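One structure below.
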Amino acid sequence: MAAKYPDLVNRNDTLMCYGLIPDEDSSNDEVDDPWTIIDNDPMDPIFYSTCYRQGTAWEFVSNPACPACEAANASSVPWRYGDRCISCAETRRIRALQNTEVPWWGVIDDCEAC
């Protein structure tokens, strides 16, 4: 990846999407996900990752339209990650994003409960 796209890797502001086939044999499927989740270490690149699992859609016949559901956003945004945080201003900005927007933030050392 880095050899093919060095300019993007060096910018440190690039988001990418790629498909993968998880190694289902490496975990206990009754209790584990077949991938690693690191949700409290902003220094680890996996911290900024999101893994979506392809599934089948549900269709509820005769349900009324729900415009509010279409514009849903992140109502609960954590502000502390390990010993680092995101600012209260960033937390408010992320909460206001639409569900089609990807949040981008930086972490800070001076933590304040939001």
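The sequence shown runs -17 to 96 under the working numbering. Beta carbons are placed, not taken as given, at the ideal position from N, Cα and C, and that holds for glycine. Source: prediction; values computed, not measured.
Give the straight-line distance between the Cα atoms of T82 and A(-15), rounded to the nearest whole angstrom. 30 Å
Pull up the distance between the alpha-carbon of D26 and that of I19, whole angstroms please. Going by the C-alpha atoms only, they are around 11 Å apart.
Pull the bridge partners of I90 from the DSSP assignment, please. C67
Could you tell me the alpha carbon to alpha carbon distance between C48 and R77, rounded to whole angstroms? Taking the straight line joining both Cα atoms gives about 20 Å.
Among all the DSSP beta bridges, which residues are the ones paired with R62? C67
If we count the other Cβ atoms within 10 Å of its Cβ and call it buried at 16 or more, is C67 buried or exposed? Around the beta carbon of C67, 16 or more other beta carbons sit within 10 angstroms, so the residue counts as buried.
Taking the alpha carbon of S69 as the point to measure from, which residue in S58, E94 and T38 has its own alpha carbon closest? E94
Spatial distance of W86 from N45 (CA atoms): 34 Å
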